[in-house]
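Novice:
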Amino acid sequence: MIVTRTPLRIPLGGGGTDLPSFYETYGGDLVTAAIDKYVWITVNRRFESDIRVSYSKTEIVDDIDDIEHPIVRESLRLLGLGPGLEIVSVADIPANTGLGSSSSFTVGLLHALHTYKREAVGSQQLAEEAFKVEHDILGEPIGKQDQYAASYGGIIRMEIDAEGGVAVDRLNIQEHVIQELENTVCLFYTGIQRSASTVLAHQEKAIEVGEEIVTQCMQNIKSIGRQIAMSIADGDLYRFGELLDEHWHEKKKMSSSISSPDIDRWYTVAKDHGAVGGKVMGAGGGGFFMLYVESQNKNQLRKSLTDLGLRPIRFAIDYGGSRIVGNF
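Numbering of the sequence shown is given in the working numbering, commencing with residue 1 and proceeding in unit increments.
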């Protein structure tokens, strides 16, 4: 039995520049962090000669082609594995909440399958194979951020060239800055689950056809992402919070589906109760809010948003990336 543990992620700046429609013309530049909320995958030899896949539902099929879960089906095809397997997944956080769970699932599954085959696999290979499954094979309108964050762990800056090549730089951040970041960046679950595909597909199409406002917003977000990387590396977290606010306002300009009246109201309340800046995770529309607040204002911020029904989630940075935690 192989067991993998793969982290979810929070995008800190430059998100969206990892979409092929953008980086193939302008290059991508972003900073992202893996957190200690995980997708767990087990792969085991099955006594029967069929395939059992268990996630939010359970499938038992005789042939790979009959597997409904697209990522499981295509990952097995990619690695040349067939019947006689049992695959089980569980997650610490629900899917469709903006923390990159789909890519964490893919990275963790591929890691487990490679290990099952007794193949060594590195972080870059895992990330690129996961992107191949999700984007190239299944046609999901996604970028490369989630796969790399899940595979590498830590706080990383990603620079993506026009051919899709990714240079990963682990930010050199002092320990006391990491501790302050974990203490002053707050996550709140809105209770809204949504698929990122619709928002991202619109964004990709707008970039491809040269829609000026979207392209300009993305250029601004890329610049903000670079500034965020520098502010975190320098330990200037208040500036990081201000840049989050700029990022959110740029992001909202790109599509009416990124925010909503409720989200706008929650953000206003957050700003009124000490938040310096923040944004909705992932493509937008729901899921998790990430907010930066100075320590002295943290309690009043938490109370103001929990009173509105939002759920605070504590987190720490994960530095291990996708790991094999069991091999029996």
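Note that beta-carbon positions come from the ideal geometry of N, C-alpha and C, so glycine has one too.
1. Is leucine 138 near the ligand NAD, going by C-beta to nearest heavy atom under 6 Å?
2. Count the C-beta pairs between the segment 116 to 131 and the segment 7 to 17 that are closer than 8 Å, then say yes if the count reaches three, no if not.
3. Indicate whether the contact test is met: 3 or more Cβ pairs, each with one atom in the segment 47 to 60 and one in the segment 171 to 181, closer than 8 Å.
4. Determine the contact status of isoleucine 224 and glutamate 246, defining contact as a CB-CB distance below 7 Å.
5. Which of helix, strand or coil does DSSP assign to threonine 32?
6. Measuring CB to CB, does glycine 153 end up less than 7 Å from glycine 320?
7. Could you name each continuous beta strand (DSSP E) segment of 3 residues or more that falls completely within the segment 248 to 304, going from the start of the chain to the end?
8. If you count every other CB in all the chains shown that lies within 10 Å of the CB of histidine 111, and 16 or more means buried, which is it?
9. In terms of residues, what are the limits of the beta strand (DSSP E) holding glycine 13?
10. If you scan the segment 140 to 221 from start to end, which runs of the beta strand (DSSP E) of 3 or more residues do you find wholly inside it?
11. Expressed to the nearest angstrom, what Euclidean distance is found between the alpha-carbon atoms of arginine 265 and glutamine 219?
12. Alpha carbon to alpha carbon, how far is isoleucine 41 from threonine 4? Give it in angstroms, no decimals.
13. State the DSSP-derived secondary structure class of isoleucine 347, mapped to helix, strand or coil.
14. Relative to the C-alpha of isoleucine 51, which residue among Lys37, Ile142, Leu85 and Ser103 is closest?
15. Let me confirm a value: aspartate 62 is counted as buried when at least 16 other C-beta atoms fall within 10 Å, else exposed. Which label applies?
16. Considering only the alpha carbon of each residue, which of Ser102, Lys251, Pro94 and Ile93 lies closest to valine 72?
17. Identify whether tyrosine 38 lies in helix, strand or coil by the three-state DSSP scheme.
18. Out of curiosity, what's the CA-to-CA distance linking threonine 334 and isoleucine 2?
19. Only counting the same chain, and skipping five residues up and downstream in sequence, which positions put a Cβ closer than 6 Å to that of proline 83?
20. Would you grab the beta carbon distance between tyrosine 189 and isoleucine 10 for me? Rounded to a whole angstrom, and I think it's under 8 Å.
21. For the beta strand (DSSP E) that contains threonine 58, what are its first and last residues?
22. What do you get for lysine 144, buried or exposed, if any count of 16 or more other CB atoms within 10 angstroms of its CB means buried?
23. Would you list, in sequence order, the uninterrupted alpha helix (DSSP H) runs of no fewer than 4 residues that lie entirely inside the segment 62 to 137?
24. Let's test the definition: count the other Cβ atoms within 10 Å of the Cβ of proline 261 and tell me whether it reaches 16, buried, or not, exposed.
25. Looking only at DSSP bridge pairs, what is proline 331 linked to?
26. Out of Ser75, Ser89, Leu79 and Leu76, which has the shortest C-alpha to C-alpha gap to threonine 58?
Specialist: With the structure as the only source:
1. In terms of ligand content, the structure shown is empty, and the ligand NAD therefore cannot be addressed.
2. no
3. no
4. yes
5. strand
6. yes
7. 275 to 280 and 288 to 293
8. buried
9. 2 to 13
10. 155 to 160, 166 to 170 and 185 to 189
11. 27 Å
12. 5 Å
13. It is not possible to answer for residue 347, since the shown part of the chain is limited to 1 through 328.
14. Leu85
15. exposed
16. Ser102
17. strand
18. Residue 334 lies beyond the residue range present for the chain, which begins at 1 and ends at 328; the question has no answer from this structure.
19. Ser49, Asp50 and Ile51
20. With 8 Å as the limit, tyrosine 189 and isoleucine 10 do not qualify as a contact, their Cβ atoms being about 13 Å apart.
21. 58 to 61
22. buried
23. 70 to 79, 101 to 116 and 123 to 131
24. exposed
25. Absent from the model: residue 331. The displayed extent of the chain is 1 to 328, so no value can be given.
26. Ser89
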